[in-house]
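Only one structure is covered here, and it is reproduced in the block below.
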């Protein structure tokens, strides 16, 4: 598309996008004429704007109204005309210092990074860590009462996770010990996720050397661990920023619809998981993704990696399609790099 536009059309289009990003208001020919210091007449600019609208890059509510970029227009601008800025040394240090200040907790660091992005961008900050293969090496069942026990799982790095599970009637301490021994003998060769598949297969084929009560404890322990977080971890901060420039009640309803999608989180996680296939910043504009089709919102995200270079999540922002891409892209990129370093 960009090859089909002459230099004059591209310059006018760039000024329209930049003016709309600044004000949020449809842009008229006189505004562009002033931005061009009167180099082109308003009539000439109107003709170019009409051509840009015919090409699907601009839209207007009626013929005499100003124009604003369409999703297709923003995509052309981002891919072909955008001048990405640079973060100042102070901004870089601020991101690094605040992410490092929360200590060694990954969840706290990701939450701080998300809040920081929200504040710096005036958008909603988001981070997702897709469900990872568990790396637990040991499990124990500690009785709490006649019908409840604590499943204590020890990871390779020594950290522990505890889950309360329900027990069937008739459980003895020796039954809990047998269930733990059965799982631990398999954890020495598999991750906890793989153990679930192995155990299910053995139980289906009746090859597991377990009585009925022990088998039910084993299943309860695995189901409790694997049943939460199946869709990954999602953190969203600064949702109120998405309402900052909302005026019309219809637009407000569309943003509320987005909030409902954020609450369910599954669709957003699927979107962010698409960033795992490549490096760098990913930009999803408006209706390019069904999640934002009715919200006039876009997202800018970048993957982050662990110490072995594997993509383990994505971090970024959600904002109106008219957000300042040139400013926010380097913010997201640098934050993702800082998070990757701290994940190591």
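Numbering (the numbering used here), first residue to last: 160 to 503.
Ideal Cβ positions, reconstructed from N, Cα and C, are used throughout, including at glycine.
Less than 8 angstroms between C-beta atoms, sequence neighbours within five positions excluded: which residues of the same chain meet that for residue i?
{"i": "residue 332", "result": "302"}
{"i": "residue 507", "result": "Residue numbering for the chain in the displayed model covers 160 to 503; residue 507 lies beyond these limits and cannot be assessed."}
{"i": "residue 485", "result": "241, 242, 243, 244"}
{"i": "residue 161", "result": "169, 235, 238, 239, 240"}
{"i": "residue 386", "result": "Residue placement at residue 386 is flagged as unreliable, the pLDDT there being 42, under the threshold of 50; the coordinate-derived value follows with that caveat. Cβ within range, chain order: n/a, list empty."}
{"i": "residue 321", "result": "309, 310, 311, 312"}
{"i": "residue 185", "result": "179, 219, 220, 224, 225, 226, 227"}
Just curious, the beta strand (DSSP E) that residue i is in, first and last residue?
{"i": "residue 163", "result": "It is not in any beta strand (DSSP E) - residue 163 carries neither H nor E in the DSSP assignment."}
{"i": "residue 392", "result": "392-396"}
{"i": "residue 441", "result": "441-444"}
{"i": "residue 324", "result": "319-325"}
{"i": "residue 185", "result": "No beta strand (DSSP E) holds residue 185; DSSP gives it neither H nor E."}
{"i": "residue 309", "result": "307-314"}
{"i": "residue 288", "result": "283-288"}
{"i": "residue 330", "result": "First-last for residue 330: undefined, no H or E at that position."}
{"i": "residue 478", "result": "470-479"}
Quick check: the Cα distance between residue i and residue j, rounded to an integer number of angstroms?
{"i": "residue 315", "j": "residue 346", "result": "11 angstroms"}
{"i": "residue 274", "j": "residue 192", "result": "40 angstroms"}
{"i": "residue 172", "j": "residue 209", "result": "11 angstroms"}
{"i": "residue 310", "j": "residue 464", "result": "30 angstroms"}
{"i": "residue 392", "j": "residue 285", "result": "11 angstroms"}
{"i": "residue 455", "j": "residue 228", "result": "11 angstroms"}
{"i": "residue 175", "j": "residue 226", "result": "8 angstroms"}
{"i": "residue 488", "j": "residue 204", "result": "30 angstroms"}
{"i": "residue 324", "j": "residue 216", "result": "57 angstroms"}
{"i": "residue 307", "j": "residue 330", "result": "10 angstroms"}
{"i": "residue 260", "j": "residue 304", "result": "41 angstroms"}
{"i": "residue 187", "j": "residue 438", "result": "39 angstroms"}
{"i": "residue 362", "j": "residue 344", "result": "16 angstroms"}
{"i": "residue 479", "j": "residue 319", "result": "41 angstroms"}
{"i": "residue 189", "j": "residue 201", "result": "6 angstroms"}
{"i": "residue 271", "j": "residue 469", "result": "22 angstroms"}
{"i": "residue 474", "j": "residue 495", "result": "6 angstroms"}
Kindly indicate the opening and closing residues of the alpha helix (DSSP H) around residue i.
{"i": "residue 458", "result": "Looking at the DSSP string, residue 458 is not in any alpha helix (DSSP H); the run it does join, the beta strand (DSSP E), is 456-464."}
{"i": "residue 213", "result": "201-213"}
{"i": "residue 491", "result": "484-502"}
Please work out which residues of its chain come closer than 6 angstroms, Cβ to Cβ, to residue i, disregarding the five sequence neighbours upstream and downstream, and give them in chain order.
{"i": "residue 255", "result": "497"}
{"i": "residue 472", "result": "287, 288, 463"}
{"i": "residue 373", "result": "334, 337, 338"}
Once you ignore the five residues that flank residue i on each side, which residues in its own chain have a CB closer than 7 angstroms to its CB?
{"i": "residue 481", "result": "179, 180, 183"}
{"i": "residue 177", "result": "none"}
{"i": "residue 266", "result": "none"}
Report, in whole angstroms, the separation of the C-beta atoms of residue i and residue j, which I expect to be a contact under 8 angstroms.
{"i": "residue 247", "j": "residue 400", "result": "Contact doesn't hold; Cβ gap of about 22 angstroms is too wide."}
{"i": "residue 282", "j": "residue 477", "result": "6 angstroms"}
{"i": "residue 466", "j": "residue 502", "result": "7 angstroms"}
{"i": "residue 213", "j": "residue 446", "result": "19 angstroms between Cβ atoms; not a contact."}
{"i": "residue 490", "j": "residue 279", "result": "6 angstroms"}
{"i": "residue 251", "j": "residue 448", "result": "About 30 angstroms; that fails the 8 angstroms criterion."}
{"i": "residue 375", "j": "residue 327", "result": "5 angstroms"}
Report yes if the C-beta of residue i is less than 7 angstroms from at least one heavy atom of the ligand NAP; otherwise report no.
{"i": "residue 212", "result": "With respect to the ligand NAP, the structure offers nothing, as it holds no ligand at all."}
Could I get the ranges of all uninterrupted alpha helix (DSSP H) runs contained in the segment 232-271, with 4 residues as the minimum, in chain order?
Whole alpha helix (DSSP H) segments, 4+ residues: 248-259.
Enumerated in chain order, which unbroken segments of the beta strand (DSSP E) with a length of 3 residues or greater are wholly contained in the segment 333-387?
none
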